[in-house]
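Residue numbers (our numbering), protein chains in the order written: chain E, 1 to 145; chain Y, 1001 to 1145.
The beta carbon of each residue, even a glycine, is placed where N, CA and C say it ideally should be.
The structure appears below as structure tokens.
There are 2 protein chains.
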Amino acid sequence: MIKSKKVINELLVEVFNHILSIEGSKLKERGIKISMNEMHVLEAVKKTRDPSMSNIAGRLRVTVGTLTTSVNRLVEKGYATRKRDGKDKRKVIISLTDKALNSLRIHDEFHEEMLDALFSDMNIEEDDVLLQSLENLSFYFKNKY
Amino acid sequence: MIKSKKVINELLVEVFNHILSIEGSKLKERGIKISMNEMHVLEAVKKTRDPSMSNIAGRLRVTVGTLTTSVNRLVEKGYATRKRDGKDKRKVIISLTDKALNSLRIHDEFHEEMLDALFSDMNIEEDDVLLQSLENLSFYFKNKY
DNA sequence: GAACATTACTTTGATTATCAAAACAAAATA
DNA sequence: TATTTTGTTTTGATAATCAAAGTAATGTTC
């Protein structure tokens, strides 16, 4: 494998997993009592325009059944609420509580900090070439498959 | 958030998860009947120099107890074998079977293909700046935390 | 508009992934 | 030899996941 492939592969394979587990423990330290997985569900709820069960599950790429159990737990723990759609009563719309929004905020802050550290340590703020490439990379993976 | 942060954040948050789930389904299509998680265990076994339970668990950042159950299943399914270390009989050394090595090969091939597609579509083969930056990024995350 | 089909979701049953704490066995140390 | 440390497994609990079956609302067709 040529070097460039190796580097990107490593980034994909090793680094992301590592970051995810760091993130989990850091959040724990900061008193967040939900898993990274649950955090991702909250994120998906927030970012999904019409946050029905199907739409959220689609975004997360899990089955709706899987999401049902996640949402059950989030509702129990006070992070989310369910309501039926007024127009189409088959649909269930998920909303986030203040508690959830607060957790998301802390999570975002952690990401900001991590990236700030990265930027200040690596001095890449101004590197337009890198950013363009990363943007392409990101776009590529989001669309290709 | 400034744009560059946004791009890297997106790469971390969205792209990685996406790729992982694509990868899972692609491997399924190619007749690999193990989960991505199990694949990661096989990878870790292969890459760990002295593949005892503790060393492998450390690399994967899971508890040894967790690894025990994963290895149990891999042994049941014929992907791995256990043996005791000759010198220190407390240690359990994991080895991979041909079946495991074959699965790893198919997995690697998928990664190669994915990256080949990326490279040919994006024409970044020669982009030394990008590669250097990605390498730094990779190094940074591996060492910082 | 009654019968049938589709859509949206939940439930069920099964497997996998994870941890912390307890148990166990070998090795190191005092 | 007795005690402690190290390496692993077991136990008990919870979370994450899917496929398939079940339920209820909506859409379609004749």
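Annotation: Cβ neighbours of Val7 of chain E in chain Y (cutoff 8 Å, chain order): Leu1131, Leu1134, Glu1135 and Ser1138. Non-local beta-carbon contacts of Lys1091 of chain Y in its own chain, meaning distances under 6 Å to residues more than five positions away in sequence, involve Ser1052 and Asp1085 in chain order. At least one CB atom of chain E sits nearer than 8 Å to the CB of Arg1061 of chain Y. Contact of Ser4 of chain E with chain Y is assigned, a C-beta pair being separated by under 8 Å.
Shown here, Ser1095 of chain Y sits in a strand according to DSSP, grouped into three states. Just so you know, the alpha carbons of Ser120 of chain E and Tyr140 of chain E end up roughly 27 Å apart.
When the five nearest sequence neighbours on each side are left out, the beta carbons in the same chain lying within less than 8 Å of the beta carbon of Met39 of chain E are those of Leu27, Ile32, Ser103, Leu104 and His107, in order along the chain. The Cβ of Val15 of chain E sits closer than 8 Å to at least one Cβ of chain Y. What Ile19 of chain E touches in chain Y, judged by beta-carbon distance under 7 Å, is Leu1012 and Phe1141, going in chain order. With a cutoff of 8 Å on beta-carbon distance, Thr48 of chain E and Arg61 of chain E are scored as not near each other. Under the three-state reduction of DSSP output, Arg1073 of chain Y falls in the helix class. Shown here for Ala1080 of chain Y: same chain residues with a beta carbon closer than 7 Å to its own, the five before and five after excluded, namely Val1045, Val1071, Leu1074, Ile1094, Ser1095, Leu1096, Thr1097 and Ala1100 in chain order. Within chain Y, the C-beta atoms nearer than 7 Å to that of Asp121 of chain E come from Tyr1140, in chain order. Residues of the stretch 1100-1111 of chain Y with a C-beta atom less than 9 Å from some C-beta of chain E are Asp1108 and His1111, listed in chain order.
Among the residues facing chain E, Leu1118 of chain Y is included, as its CB has a counterpart in that chain under 8 Å away. Closer than 8 Å to the CB of Leu1096 of chain Y there is not a single CB belonging to chain E. Residues of chain Y with a Cβ closer than 7 Å to the Cβ of Leu115 of chain E are, in chain order, Lys1005, Ile1008 and Asn1009. Counting the other CB atoms within 10 Å of its CB gives Ala117 of chain E a total below 16, which places it among the exposed residues. Following the DSSP letters along the chain, one finds Lys1033 of chain Y in no alpha helix (DSSP H), marked with neither H nor E.
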